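Peer 1: Oh and the sequence shown: position 253 is 253 in UniProt numbering, straight run, nothing missing.
We put the CB at the ideal spot given by N, CA and C, even for glycine.
Small disclaimer: the values here were computed from a predicted structure and weren't measured.
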Amino acid sequence: MNMLTFRKGIRLLLIVALFLGTTIITSLGVTLNTANAQDSKPTIVLVHGAFAESSSWNSVLTKLIAKGYPTTAVANPLRGVESDANYVSSVLNGIKGSIVLVGHSYGGAVITNAVNDNKNVKALVYVAGFAPDTGETAAELSGRYPGSTLGPTLAPPVALTDGGKDLYIQQDKFHAQFAADVPVADTKLMASTQRPITEAALNEASGAPAWKSTPSWFIYGSRDLNIPAAVQSFMAKRANSKETIVVNGASHVVMISHPDAVVKVIEHAAAPN
């Protein structure tokens with residue numbers, strides 16, 4: 001091999017090395033940019049309601065996680081509006097960055113009271129959820145317009161040692177009342193694992209509502225038998241909802257029967273202003 005050939009070979013190796021190095025750097029840049037984009041997404045905090053538990057969000061969570069959102073499904077104690085809101089508030093205080101707070105059913109009353117001037121909460125999403133004003137109760141709101149058939153489906157209250165009462169839905173009435181658009185086999189499992197709410201919680205007056213200062217989004221089903229659609233429409237209009245979606249034929253558990261629609265609303269609430 002003569003010197004000229006050797007020098008050409010060295011030059012070619014340098015060019016290849018430089019190209020590969022640039023490619024690696026570019027690839028790393030794309031990875032870092034993607035990571036930064038994911039890091040910029042708000043944390044979605046989901047709060048379940050009465051007669052449910054955190055797994056009621058599973059279908060929504062699966063889709064949000066796949067889209068790169070940080071998520072937390074809070075185990076709502078279901079003991080009382082103020083105490084439950086304080087618990088959720090403590091969870092929010094441990095989250096860095098912006099938050100979209102989502103509440104289903106009674107969980108809506110909880111998120112209404114849980115913000116406590118937390119500047120990280122950028123949006124509220126009510127999924128078939130109560131959005132009470134000061135002094136209002138879940139029980140009073142659900143009966144403000146005709147359509148709720150929850151009362152007759154409740155099982156005999158379970159007496160508590162503190163004098164209170166826990167409420168459940170009768171298992172044989174759970175499907176028709178709570179989740180009529182969910183397969184019967186699934187609702188049997190839901191009925192068996194339902195978590196009770198205290199009677200006092202449903203009759204506890206709400207505090208100053210976060211929806212007066214935090215933007216809100218609403219989604220609910222037209223065939224909700226727990227919180228009539230007319231009640232939810234009233235609350236959404238009063239809160240100056242940024243977007244209100246009514247899912248035709250959906251039951252009270254619209255996040256289970258129509259998770260794509262719920263995820264879409266959450267993403268709208270999570271979008272940069």
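Return the CA-CA distance between VAL254 and ALA159, expressed in angstroms with no decimal places.
Peer 2: Straight-line Cα distance between these residues: approximately 31 Å.
Peer 1: DSSP puts THR216 in a beta bridge; with which residues?
Peer 2: For clarity, residue 216 is Ser in the given sequence; the question names Thr instead. Per DSSP, LEU124.
Peer 1: Among the residues of its own chain, which have a CB less than 8 Å from the CB of PRO157, if the five just before and after it don't count?
Peer 2: Scanning its chain for C-beta atoms nearer than 8 Å, with the 5 sequence neighbours on each side dropped, one finds around PRO157 the residues LYS165, ASP166, LEU167, GLU199, in chain order.
Peer 1: Leaving out five residues on either side along the sequence, give the residues of the same chain with a beta carbon under 6 Å from the beta carbon of GLN171.
Peer 2: ALA191
Peer 1: Take GLN177 as the anchor and find which of SER257, SER251, ILE245 has the nearest alpha-carbon.
Peer 2: Its Cα nearest to that of GLN177, the residue SER251 stands out among SER257, SER251, ILE245.
Peer 1: Any idea what DSSP makes of ASP199, helix, strand or coil?
Peer 2: Note that residue 199 corresponds to Glu in the displayed sequence, not to Asp. Correct three-state label for GLU199: helix.
Peer 1: Please report the straight-line C-alpha distance between HIS268 and ALA205, rounded to a whole angstrom.
Peer 2: 30 Å
Peer 1: Helix or strand or just coil, what does DSSP make of VAL253?
Peer 2: coil
Peer 1: Please determine if the segment 111-125 and the segment 213-221 are in contact, where contact requires at least 3 C-beta pairs separated by less than 8 Å.
Peer 2: yes
Peer 1: By DSSP, does LEU46 sit in helix, in strand, or in coil?
Peer 2: strand
Peer 1: To the nearest angstrom, report how far apart LYS63 and GLY107 are at their CA atoms.
Peer 2: 21 Å
Peer 1: Taking ASP224 and ALA128 to be in contact with their CB atoms under 8 Å, please state how far apart those CB atoms are, rounded to whole angstroms.
Peer 2: 6 Å
Peer 1: Given a threshold of 16 other Cβ atoms within 10 Å of its Cβ, counted over all protein chains shown, does THR193 qualify as buried or as exposed?
Peer 2: exposed
Peer 1: Inspect the beta-carbon positions of PHE73 and LEU101 and report whether they are closer than 9 Å.
Peer 2: Before going on, a small fix: residue 73 reads as Ala here, not Phe. Going by C-beta atoms, ALA73 is not nearer than 9 Å to LEU101.
Peer 1: With a threshold of 16 other CB atoms inside 10 Å of the CB of LYS237, please say whether the residue is buried or exposed.
Peer 2: So LYS237 counts as exposed.
Peer 1: Using the Cα positions of HIS104 and ASN86, report the straight-line distance between them to the nearest angstrom.
Peer 2: 17 Å
Peer 1: Can you give me the Cβ contacts of LEU61 inside the same chain, cut-off strictly under 8 Å, excluding the 5 residues immediately before and after it?
Peer 2: LEU46, THR71, ALA73
Peer 1: What are the boundary residues of the alpha helix (DSSP H) that THR112 is part of?
Peer 2: 106-114
Peer 1: Starting from VAL231 and walking both ways along the alpha helix (DSSP H), at which residues does that stretch end?
Peer 2: 229-238
Peer 1: So which of PRO42, HIS48, ASN116 has the shortest CA-CA distance to LYS212?
Peer 2: ASN116
Peer 1: Does the distance from the CB of ASN58 to the CB of GLY207 come in under 9 Å?
Peer 2: Result no, Cβ atoms of ASN58 and GLY207 do not sit closer than 9 Å.
Peer 1: Put THR62 into one of helix, strand or coil per three-state DSSP.
Peer 2: In this structure, THR62 counts as helix in the three-state DSSP scheme.
Peer 1: Please report the straight-line C-alpha distance between ALA180 and PRO209, rounded to a whole angstrom.
Peer 2: 31 Å
Peer 1: How big is the Cα-Cα spacing for THR244 and PRO228?
Peer 2: 15 Å
Peer 1: Express the C-alpha separation of LYS119 and SER89 in angstroms, rounding to a whole number.
Peer 2: 12 Å
Peer 1: Could you tell me the boundaries of the beta strand (DSSP E) in which ASP224 lies?
Peer 2: Per DSSP, ASP224 lies in no beta strand (DSSP E) segment and is marked neither H nor E.
Peer 1: Is there a Cβ from chain D that is less than 9 Å from the Cβ of THR43?
Peer 2: Here there is only one protein chain, and chain D is not present.
Peer 1: For residue 314, which residues of its own chain have a beta-carbon under 6 Å away from its beta-carbon, when the five flanking residues on both sides are left out?
Peer 2: Because the chain in this structure spans residues 1 to 273, residue 314 falls outside the shown range and cannot be described.
Peer 1: For LYS188 and ASN240, what's the separation of their Cα atoms in angstroms?
Peer 2: Straight-line Cα distance between these residues: approximately 37 Å.
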